[in-house]
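Chains as they are written, first to last, in full-length UniProt numbering: chain A, 1 to 235; chain B, 1 to 127.
Just so you know, even glycine gets a beta-carbon here, dropped at the ideal spot from N, CA and C.
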């Protein structure tokens, strides 16, 4: 593990799913590429100019011919990055600009020094700009839900900024197509008894990301999906 | 309380539990085929002699034979819906895997493997 090319994060792949993010994706990817040479953006069947913006930003483009959802897009990016034998560290990153590259840099550094396999960003250990009170309450409820269903205790269960090692990327195999991928990620961690830590991150809730983000009512869909997936796994 | 309520509630719960837990099992698929044949037999018997379903209905505490058929129909409908739901889930999963592998092969074919200096030519496969 140590002998790999760790210089300027050459062993890191940043995975960015992208669905109709044309107005912002180029800027987001260019910022990521200042620190990480290997970025794969999965265009999840966008109907706007996302694909050409991804190419213009210099990231690798993988294109879903049809829209398959965020979870499916992350899994595609991970499988693409796994084809690089030197890839050791994987990062899931949002295309709408709510995550900060500085957080990824320090998370990757932290993961190199620590011996855990997964680092999960937490908004509640860090700071949040412009999150509504109801949203905060909802995310607290999600934390309790995850604790009950996976046994993994986090301060922020639905934060998409996560950094993990190749060993975990290989077993992740996300099957959820939509936003419930974040829960499935935790389920896989508990199945494989993966070691993890939380890491404080700063999340920017801009008008753009708020407009693009999921509506709170969608948490009902996610919760039911997670429960059904749990039941079906026990076949 | 009518006796019919007991088998109906038990059936509903059993369907959910058995189907959810064992949906891949051969026995279950065999069971659904037997059920279809049994229903067809019941239908034929009911057409030939409508008094028979009526007699069974009376035995179970249902007023009319048609009601008994309605209840059976509901059970069959729930089973069918669940079966289709699982089938669709599996099909979706297969479709996602197919699209994913196409998308990755396509990207590698166009722009080369994720790490070109690894000595791979564009379009070659890496495991």
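Quiz item: What does a CB cutoff of less than 6 Å around residue 99/A pick up in its chain, not counting 5 residues either side in sequence?
Solution: 93 and 161
Quiz item: Can you list the alpha helix (DSSP H) stretches of 4 or more residues lying completely in the segment 131–155 of chain A, in chain order?
Solution: 133–150
Exercise. Please report the Cβ distance between residue 204/A and residue 97/A, rounded to the nearest whole angstrom; I am assuming they are in contact, meaning their Cβ atoms lie under 8 Å.
Key: 7 Å
Quiz item: Using a beta-carbon distance below 8 Å, is residue 62/A in contact with chain B?
Solution: yes
Practice problem: Run the CB neighbour count on residue 195/A, radius 10 Å, all protein chains shown included, and call it buried at 16 or more, exposed below. | Solution: exposed
Quiz item: Hey, residue 87/A and residue 166/A are a contact pair by Cβ (cut 8 Å); roughly how many whole angstroms apart?
Solution: 6 Å
Self-check item: Short Cβ contact (8 Å threshold) for residue 103/B with residue 62/A
Solution: yes
Exercise. Please compile the residues from chain A whose C-beta is within a distance smaller than 8 Å of the C-beta of residue 111/B.
Key: 60 and 61
Self-check item: Backbone secondary structure at residue 164/A - three-state DSSP
Solution: strand
Quiz item: For residue 123/A, which three-state DSSP category applies?
Solution: coil
Exercise. Look up residue 90/A in the DSSP assignment and say whether it is helix, strand or coil.
Key: strand
Practice problem: Please check the pair residue 208/A and residue 24/A, which I expect to be a contact at CB under 8 Å, by giving their CB distance rounded to whole angstroms. | Solution: 6 Å
Quiz item: Would residue 179/A count as contacting chain B if we go by Cβ distances under 8 Å?
Solution: no
Self-check item: Rounded Cβ spacing between residue 131/A and residue 119/A (contact assumed at less than 8 Å)
Solution: Incorrect: roughly 21 Å between the Cβ atoms, too far for contact.
Self-check item: Below-8 Å beta-carbon distance, residue 76/A vs any chain B residue
Solution: yes
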